[in-house]
Amino acid sequence: MQSTRTFTDRLFLVIKGLAMGAANKVPGVSGGVVAFVAGFYEEFIYSLQKVNKTAFKLLFNGRFKSFFHYINGKFLSLLFLGMIISYFSISKVLDYFLVHSELYVWSLFFGLIIGSIYYINKDFNDWNYKTITALVIGIVLGVGISFLDPARENDNLLFVFFCGIISVSGMTLPGFSGSFILILLGNYVLLLVDSVNALSDTFYEIIVGDFSVFQNSARIRLLKVLIIFTIGSVTGLVTFSHMLSYILKHYKSITTASIIGFIVGSLGVVWPWKKTIYRMAADGNYIFDSTGKKVVSNYERFIPELHNETYVAVGYIIIGIVIVLALEWYGHKTRKVKA
């Protein structure tokens with residue numbers, strides 16, 4: 269999978285990482301879809317598969333250059349650089365628009381997913397009873413997950429570690445939204461909002477010379493949660509990649525059909541026209557999280573009436589589809605030039 273990359277290739281790889289990071293944080297959207305559509309999904313999985321015993325032997329023996337080359341380090345480091353930047357910058361912009369222009373954000377992602385389905389399906393011709401069955405199972409699972417009710421927040425470190433393993437599935441399984449799974453597990457705000465903001469605030473305070481964070485028990489708790497969540501995510505990322513590399517190698521058609529099914533099923537989660545249902549206590553009052561936001565229970569989806577807002581939303585859906593088609597065009601052009 270090692271290859272010589274131009275500066276433009278490296279820049280676009282960081283941008284793809286930005287897109288993956290942003291997509292991973294949006295409930296219902298999978299970063300794996302970005303990898304699949306942008307044409308680097310298999311390289312991503314096979315590079316992660318290289319994080320194995322051989323890699324750790326090279327690392328512990330001080331052969332850092334060989335370790336970096338063995339795991340396709342240039343590719344992974346550029347991609348993860350984009351994801352990290354996204355989590356602390358673009359994702360905040362995305363959070364803003366989800367609050368102020370929620371309908372249009374969901375519409376854009378709905379279009380992106382429709383485009384993704386077209387992209388993955390257009391070159392897939394191996395339809396038979398096995399792949400059709402895999403497709404149906406993928407759709408049923410995707411739709412079924414989208415209608416589950418979320419659990420309550422739980423900061424038990426063992427459970428947080430488990431959340432890390434599960435949430436990273438969105439990066440390795442296109443159509444399977446890790447952030448939406450975190451909502452179902454009750455820990456989306458704790459793990460992708462509170463703990464990330466706690467780390468940002470901590471960095472800022474230390475830079476300006478404020479070390480009071482070390483006496484802030486609530487902040488320390490959130491940082492512990494983030495560390496355990498990160499360890500769980502890395503564990504899940506490496507574990508899933510080994511499983512998927514084997515599956516892709518031996519059952520590629522069935523896997524692709526399942527992925528198409530997952531993505532089709534995820535359309536129910538990102539359907540733009542929905543009413544948010546918030547969790548309420550026994551006394552009839554809303555339940556709020558630690559950031560002061562009302563806790564989401566689920567969504568009530570509906571068919572929109574035809575008016576200007578609806579037309580604009582449909583326009584954003586079309587834009588989302590066009591973005592995927594443009595990525596496809598760019599990927600095809602790049603492959604053609606390299607050939």
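Numbered by this note's numbering, the letters in the sequence shown go through residues 269 to 607 in order. We put the CB at the ideal spot given by N, CA and C, even for glycine.
Quiz item: So, using beta-carbon positions, are G350 and G299 closer together than 7 Å?
Solution: No, these two residues do not count as a Cβ contact at 7 Å.
Quiz prompt | Cβ neighbours of G379 in the same chain (closer than 7 Å, five flanking residues each side left out) | solution = Cβ neighbours of G379 beyond the five flanking positions: Y584, I585, I586, I587, G588 and I589.
Quiz item: Nearest CA to the CA of S468: which residue from I352, F508 and G552?
Solution: Selected option, being the one with the closest Cα: I352.
Quiz item: Between G529, A290 and G446, which lies nearest to L347 when the distance is taken from Cα to Cα?
Solution: With respect to the C-alpha of L347, the residue from G529, A290 and G446 having the closest C-alpha is A290.
Practice problem: Give the DSSP-derived three-state secondary structure of E577 in the structure shown. | Solution: Note: E577 maps to helix in three-state DSSP.
Quiz item: When the Cα of S335 is compared with those of W395, F324 and G536, which residue comes out closest?
Solution: Reading off the sequence, residue 335 comes out as Phe, not Ser. Of the candidates W395, F324 and G536, the one whose C-alpha sits nearest the C-alpha of F335 is F324.
Exercise. Go ahead and label Q317 buried or exposed: buried means 16 or more other beta carbons lie within 10 angstroms of its beta carbon, across all protein chains shown.
Key: Sixteen is the threshold: when 16 or more other Cβ atoms of the shown chains lie within 10 Å of the Cβ of Q317, as they do, the residue is buried.
Practice problem: Please name the residue, chosen from V367, V411 and A525, that lies closest to Y562 on a Cα-to-Cα basis. | Solution: Correcting the residue identity first, residue 562 is Lys in this sequence and not Tyr. Out of V367, V411 and A525, V367 has the C-alpha closest to the C-alpha of K562.
Quiz item: When you compare only the Cα positions, how much space is there between V294 and R331?
Solution: The C-alpha of V294 lies about 38 Å from the C-alpha of R331.
Quiz item: Thinking C-alpha only, which one of N292, W541, S480 and M548 is nearest S354?
Solution: The candidate whose alpha carbon is nearest that of S354 is N292.
Quiz item: Taking the DSSP output, what are the residues bridged to T507?
Solution: Its beta-bridge partners do not exist; DSSP assigns none.
Exercise. Within the same chain, show all residues whose beta-carbon is closer than 7 Å to that of I515, passing over the 5 residues directly before and after it, in chain order.
Key: T523.
Quiz item: Where do the ends of the alpha helix (DSSP H) carrying I283 lie?
Solution: Here the alpha helix (DSSP H) through I283 covers F275 to K293.
Quiz item: Could you check where the alpha helix (DSSP H) with K342 kicks off and where it finishes?
Solution: G341 to I353 is the span of the alpha helix (DSSP H), which, as asked, contains K342.
Practice problem: Below 6 Å CB to CB, which residues in the same chain sit around V481 once its five sequence neighbours on both sides are set aside? | Solution: Excluding positions up to five away in sequence, the list reads T470, E473 and R487.
Quiz item: Quick one, which of F280, I385 and S375 has its alpha-carbon nearest I527's?
Solution: Among F280, I385 and S375, the Cα nearest to that of I527 belongs to I385.
Quiz prompt | I496 classed as buried or exposed, judged by whether at least 16 other C-beta atoms fall within 10 angstroms | solution = Answer is buried; the Cβ neighbour count reaches 16.
Quiz item: What residue range is occupied by the uninterrupted beta strand (DSSP E) comprising Y546?
Solution: Segment K542 to Y546, the beta strand (DSSP E) holding Y546.
Self-check item: Contact belief for C431 with L450 at Cβ below 8 Å, rounded distance in angstroms
Solution: The Cβ separation is near 6 Å, so the contact holds.
Practice problem: With a threshold of 16 other CB atoms inside 10 Å of the CB of S485, please say whether the residue is buried or exposed. | Solution: S485 is exposed by the Cβ-count criterion.
Quiz item: For F548, does the count of other Cβ atoms within 10 angstroms reach 16, so buried, or fall short, so exposed?
Solution: According to the sequence provided, residue 548 is Met. The question's Phe does not apply to it. Exposed: under 16 other Cβ atoms inside 10 Å.
Exercise. Go to Q317, then tell me how far its alpha helix (DSSP H) extends in each direction, as first and last residue.
Key: Following the DSSP letters along the chain, one finds Q317 inside the alpha helix (DSSP H) bounded by residues Y309 to Q317.
Quiz prompt | Reduced DSSP category for F324 - H, G, I as helix; E, B as strand; rest coil | solution = Residue state, collapsed to three classes: helix.
Exercise. Less than 8 Å between the CB atoms is what I'm expecting for G446 and V461, so what's the real figure, rounded?
Key: The pair is not a contact, with the Cβ atoms about 14 Å apart (cut-off 8 Å).
Quiz item: Can you name the start and end residues of the alpha helix (DSSP H) that E473 belongs to?
Solution: Residues S463 to I475.
Practice problem: Please list, in chain order, all residues of the same chain as L494 whose beta carbon is under 8 Å from its beta carbon, the five residues on each side excluded. | Solution: Excluding sequence neighbours, L494 sits near L459, S463, V464, A466 and L467.
Self-check item: Among T440, N455, A402 and G412, nearest to N424 - alpha-carbon criterion
Solution: The candidate whose alpha carbon is nearest that of N424 is N455.
Practice problem: Would you tell me roughly how many angstroms separate the C-alpha atoms of E370 and D478, rounded to the nearest one? | Solution: When rounded, the distance between both Cα atoms is 36 Å.
Practice problem: Decide if G406 is buried, meaning its Cβ has at least 16 other Cβ atoms within 10 Å, or exposed. | Solution: When all chains shown are included, G406 counts as buried.
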